[in-house]
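Protein chains in written order, with the numbering used here: chain A, 114 to 440; chain B, 870 to 1053; chain C, 2 to 333; chain D, 12 to 314. Note that CB positions come from ideal geometry on N, CA and C, so glycine has one too. Structure record follows, encoded as structure tokens.
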């Protein structure tokens, strides 16, 4: 169930985040860029879950990885406790990593197959120099219990677990250093429906107990709606709309959000809704459309959209949208 | 595949010696060693080349057979082979038209690499069969410590090896549309 | 009676021989598909839904697979046909599209070639005519400028486009039955909406029967008329789509429906959870296969296997206690 | 106090648990190894050849160097099991002592290249700039056919057993480094490496703690092939007169001696040849067997 969050205390502020990957020709000269993340600005509050939704290739995963500096950002700032962590050197950033953890999508490759799971859970503590060997073992066993596994499974190898169980182990590893923020990159999308609900509930229980914030990246709107306080909608590297969950579902403003929401199949055959089908495919992130990135597929596109980039503007309290229709 | 494993395990000079023992010494069908140029007559020329050629070729054949087999098995487990079966395509057509071309890419790589093995094998085989080729030349210059000749021959072989691999790289584009450059 | 049903699967059982011994991936599966109808087969991974579809097409490795039961297509048992007769059915009267559009097309052949191949094979058209038809099929599936596309290779087009090409291949010979195995799982929701619409339109146009295999109950609710729910190789419930969602009978179906977060669901409630995990096919539980995870299970469930019972005209269920569950459901 | 006791008890039962698990796993592994016909056949033959080489002085009656001018080119008999050569030396002794040379060279080349290849491969997979330099260098070395390169090196350094090892290490290290590198590149893309980077793990921890254990299977398989290739090349070099210098026995130079008398003394070709073939074949069998055992996907491809 959803717990209230601290609306006044932004824990992490992302400003104008950009990540371009260079494309080199065979002589090593950069000829163009994959513009994976273009312009991302948001705030994450204490104890909050912020959902980021978008389709494959919209840059949501790259965004998460860039915040953790798994790949260096091209431009932008990330203020954590008021300090720009993108400016930190490796040594200083290591202390930030303790507070910023990540959970990955693929439960099968996110654990080292040659390491006992207890070892995998302890490793973050070892890197951060937390506790003695015995204390770490104690914490790891405790965490195994917390995520619904048994302490005596400590010495087992990943291949002895199912996908859902491995995802729990991944979660335990992220929790081991008691972080403030966990970036969840599609944590349930590789799981079966009945297992998915187990992990979602676990995520919520852990948040209740340990009071972290989640940046919850996913493509499944119904999952995000269930877990997130606020949702940002991403398209081609841009956040096009950001609103509280209820507001977004009641009143989606951006034409892309509207199409996305209407495209989700509803498991109720008596509801016959009209879908907004947007035609065509997502353009290549190497050759971004001019102006508004969505204008090539937008049913409401105007001449202005082709030339002028819309900025995120506040249309209601806690509801911003980047679209010329609402300026 | 026992044949293939045996094939890659037998050193070329040993195979040459054993073939010589069987076909020349015991059966007396072919000359033991030496070389006669084409001017001595085509049949005689070929008679002298037959055993060295088999010796060199057998090992390459085993290598390529091994590679072809594993590559084909990889490709036959691909999804698009299932699509072809679901279309009602005949098994033969699936194997020859859908699978073989895609399986050929790694085989081609091996062929390029084995060209080097082939040249190296030629050095040894020439010594076994007393053929006055570039291999003999290298061996003789090694024993005479004639560094200039060694340098020259080694460079010649390396250049031809690189050239063959260049051709292999170009052939990739013919076989695999994904690496064809600048189609648009 | 077989004349009324396009496809009738009776007590299908598919057994694989593996290193660790034989496993039965599909056990006693029975259902029918009528012309012009979409039958959904739902279940989680490992429930045997894909094996069922590949058994109908007999696409599984002949040497290690044993089929039992009947697959009657227009009254003819496909399991008894010889290979040549079966090939004439595949891609012609029964077609299939697969989950992963990225790897289901041959990378070294042009799109046109791959569509034309099936047309030449079954309709004995000339090459040129077949390419013309291929172009038409591409247009029908909504691909812009098909005359250019037929000369392109699969790596040059997007995932959504590739799925359209696969649909074009499947529908090129106007099949009577289309089996779609998770056709939209690998696609984004907006592309999924396009593809589902396309399949629905083409079904109307060609009056074909469709088997839609999916794990997504949302997709089921949107496109299917009837639904078969599978668990660990067995059909555990079969019903009309409305009834399945309004009055699910099997505890597994109920659990599944309650465990998915819904767009209009109550967010203050925790999600329902089906405890435990799906057991492996090597260790199928005794009795009812769902019993170890079922909150209603008693001695009977753990010792004896229930059969698929007719509840009413439209609903069948494999559960010892469905009546009790039904009454509880009705009382509250 | 209470909690500490609990911890001790808990960790006691757990280490018990750990022990049982490892015993169970080891038993399972041994059963799988014994079920693999290729490993068993290759292993038994290699073991047998090593025994012969190890106990060479015990099982031979003659010295491999002893010349008996009265006993030239004698066919196999009860005294000279494999016959004698054109100097009257006992072929059996020479073949058995030759096995020592082949095995020692094979094993030392395999071990040295394993270490060098592991280092170069791992680091060039991890550091892209180093990769550019190292792999171009490896490409350069690999552009020469291996026997040719070995001959060239031997020509410079002169025929000596230690030089054969050095030449083979130079020839085979790039091959092993490439195999390690490509396996490591695959592992590097796995999510658990990314997870470790997200934790701030050092390059050392990632390379040796996470990548290395996972590429070990490919390395072991490759090393068995290096072992067999080294024996082949050593024999070839000795056959060409660029390897082990006479009169030291080596399978290669026995075969070379036999070539000139192939008409009259078949035993000089067949016996050392058979040993060479068996040794190479069994190590290839072993390699294929280990590959199948460690990589379940290749099972299909080789049966």
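Quick check on DSSP: helix, strand or coil for residue i?
{"i": "residue 123 of chain A", "result": "strand"}
{"i": "residue 961 of chain B", "result": "helix"}
{"i": "residue 164 of chain C", "result": "helix"}
{"i": "residue 438 of chain A", "result": "helix"}
{"i": "residue 25 of chain C", "result": "strand"}
{"i": "residue 291 of chain A", "result": "coil"}
{"i": "residue 273 of chain C", "result": "coil"}
{"i": "residue 1 of chain C", "result": "As displayed, chain C neither begins before 2 nor continues past 333, which places residue 1 of chain C out of reach and without an answer."}
{"i": "residue 1019 of chain B", "result": "helix"}
{"i": "residue 967 of chain B", "result": "helix"}
{"i": "residue 387 of chain A", "result": "coil"}
{"i": "residue 237 of chain C", "result": "strand"}
{"i": "residue 59 of chain D", "result": "helix"}
{"i": "residue 73 of chain D", "result": "coil"}
{"i": "residue 69 of chain C", "result": "strand"}
{"i": "residue 947 of chain B", "result": "coil"}
{"i": "residue 149 of chain C", "result": "helix"}
Go through its chain and collect everything with a Cβ distance to residue i's Cβ below 7 angstroms, but skip five positions before and after it.
{"i": "residue 78 of chain A", "result": "As displayed, chain A neither begins before 114 nor continues past 440, which places residue 78 of chain A out of reach and without an answer."}
{"i": "residue 1006 of chain B", "result": "1018 and 1022"}
{"i": "residue 29 of chain C", "result": "12, 14 and 235"}
Can you list, in chain order, the residues of its chain whose CB lies under 6 angstroms from that of residue i, leaving out five sequence neighbours each side?
{"i": "residue 223 of chain A", "result": "217 and 283"}
{"i": "residue 360 of chain A", "result": "432"}
{"i": "residue 92 of chain C", "result": "119"}
{"i": "residue 147 of chain C", "result": "136, 139 and 140"}
{"i": "residue 841 of chain B", "result": "Chain B is shown only over 870 to 1053; residue 841 of chain B falls outside these bounds and no answer can be derived."}
{"i": "residue 187 of chain A", "result": "131, 132 and 133"}
{"i": "residue 907 of chain B", "result": "914"}
{"i": "residue 121 of chain C", "result": "131"}
{"i": "residue 287 of chain A", "result": "214, 216 and 295"}
{"i": "residue 182 of chain C", "result": "51, 54, 99, 100 and 214"}
{"i": "residue 156 of chain A", "result": "123 and 126"}
Taking 8 angstroms as the limit between beta carbons, can you name the residues of its chain near residue i, skipping five residues before and five after?
{"i": "residue 208 of chain D", "result": "217"}
{"i": "residue 313 of chain C", "result": "none"}
Say the cut is 7 angstroms; is the CB of residue i nearer than that to a heavy atom of the ligand FMN?
{"i": "residue 240 of chain A", "result": "The ligand FMN is not part of the structure shown, which contains no ligands of any sort."}
Query raised in the report: Is the stretch 140-151 of chain D close to the stretch 217-232 of chain D, with three or more CB pairs under 8 angstroms?
Result: Contact annotation: the stretch 140-151 of chain D does not touch the stretch 217-232 of chain D, with fewer than three C-beta pairs closer than 8 angstroms.
### Query
Is it a yes or a no for the stretch 418-437 of chain A touching the stretch 252-261 of chain D, going by three-plus beta-carbon pairs under 8 angstroms?
With a cut-off of 8 angstroms on Cβ pairs, the stretch 418-437 of chain A is not in contact with the stretch 252-261 of chain D, counting fewer than three such pairs.
**Q.** the stretch 171-182 of chain A contacting the stretch 201-217 of chain A, beta-carbon criterion three pairs below 8 angstroms
**A.** Enough Cβ pairs lie closer than 8 angstroms, so yes.
Practice problem: Tell me, please, whether the stretch 295-303 of chain C touches the stretch 227-240 of chain C by the rule of three or more beta-carbon pairs shorter than 8 angstroms. | Solution: Segments in contact, no.
Query raised in the report: Pairing CB atoms from the stretch 955-969 of chain B with CB atoms from the stretch 83-102 of chain C, are three or more of them under 8 angstroms?
Result: A contact exists between the stretch 955-969 of chain B and the stretch 83-102 of chain C.
Tell me which residues of the stretch 98-118 of chain C have at least one Cβ-Cβ distance to chain B shorter than 7 angstroms, keeping chain order. Those would be 99, 101, 104, 105, 106, 107, 108, 109 and 118, in chain order.
### Query
What are the residues of the stretch 947-958 of chain B that lie near chain C, defined by any Cβ-Cβ distance shorter than 9 angstroms?
Cβ contacts with chain C come from 947, 948, 949, 950, 951, 952, 953, 954, 955, 956, 957 and 958.
Original post:
Mind listing which residues of the stretch 235-256 of chain D have their C-beta closer than 9 angstroms to chain B's C-betas, in chain order?
Top reply: Cβ contacts with chain B: 239, 242, 243, 244, 246, 247, 250, 251, 252 and 253.
Output, in sequence order along the chain, the residues in the stretch 966-996 of chain B whose CB is closer than 7 angstroms to any CB in chain C. So the list reads 967, 970 and 971, given in the order they occur along the chain.
Item to check | Members of the stretch 244-274 of chain A that neighbour chain D once the beta carbon cut-off is set at 8 angstroms | outcome: Contact annotation: in the stretch 244-274 of chain A, residues whose CB is within less than 8 angstroms of a CB in chain D are 247, 250, 251, 254, 264, 265, 267, 268 and 269.
By the 9 angstroms beta-carbon criterion, what residues does the stretch 214-225 of chain C contribute toward chain A? Within the stretch 214-225 of chain C, contact with chain A at the beta-carbon level (separation under 9 angstroms) is assigned to 216, 217, 218, 219, 220, 221, 222, 223, 224 and 225.
Residues of the stretch 326-341 of chain A whose Cβ lies closer than 9 angstroms to any Cβ of chain C, in chain order: 332, 333, 334, 335, 336, 337, 338, 339 and 340: these are the residues of the stretch 326-341 of chain A whose beta carbon lies less than 9 angstroms from some beta carbon of chain C, given in chain order.
query: Taking only runs of the alpha helix (DSSP H) that begin and end inside the stretch 305-334 of chain A, which ones reach a length of at least 4 residues, in chain order?
result: The qualifying runs are 306-323.
> Is there contact here, the stretch 63-70 of chain C with the stretch 248-259 of chain C, by at least three beta-carbon pairs under 8 angstroms?
Replying inline: Not touching, per the Cβ criterion.
**Asked** Between the stretch 923-944 of chain B and chain D, which residues of the former have CB atoms less than 8 angstroms from a CB of the latter, in chain order?
**Response** So the list reads 938, 939, 942 and 943, given in the order they occur along the chain.
Check whether the stretch 362-381 of chain A touches the stretch 328-341 of chain A, counting contact only when three or more Cβ pairs, one atom from each stretch, lie closer than 8 angstroms. Cβ pair count under 8 angstroms is three or more, so yes.
Runs of beta strand (DSSP E) wholly within the stretch 248-302 of chain A (minimum 3 residues, chain order) = For the stretch 248-302 of chain A, the continuous beta strand (DSSP E) assignments of 3+ residues that do not extend past its boundaries occur at 294-298, in sequence order.
- Query: For the stretch 1036-1048 of chain B, which residues have a CB atom closer than 8 angstroms to at least one CB atom of chain C, in sequence order?
  - Reply: Residues of the stretch 1036-1048 of chain B with a C-beta less than 8 angstroms from any C-beta of chain C: 1044, 1045, 1046 and 1047, listed in chain order.
**Message:** Could you tell me which whole beta strand (DSSP E) segments of length 3 or greater appear in the stretch 361-433 of chain A?
**Reply:** Whole beta strand (DSSP E) segments, 3+ residues: 426-429.
message: Tell me which residues of the stretch 177-195 of chain A have at least one Cβ-Cβ distance to chain D shorter than 7 angstroms, keeping chain order.
response: The stretch 177-195 of chain A vs chain D, Cβ under 7 angstroms: 181 and 183.
message = Runs of 4 residues minimum, wholly inside the stretch 971-1046 of chain B: which ones carry the alpha helix (DSSP H) assignment?
response = Within the stretch 971-1046 of chain B, the complete alpha helix (DSSP H) runs of at least 4 residues are 1003-1013 and 1016-1044.
Ignoring anything shorter than 3 residues, give me the beta strand (DSSP E) runs that lie fully in the stretch 163-207 of chain C, in order along the chain. Whole beta strand (DSSP E) segments, 3+ residues: 178-182.
Original post:
How about the stretch 986-997 of chain B and the stretch 153-162 of chain D: do they share at least three Cβ pairs that are nearer than 8 angstroms?
Top reply: Yes, since at least three Cβ pairs between the stretch 986-997 of chain B and the stretch 153-162 of chain D fall closer than 8 angstroms, the two stretches touch.
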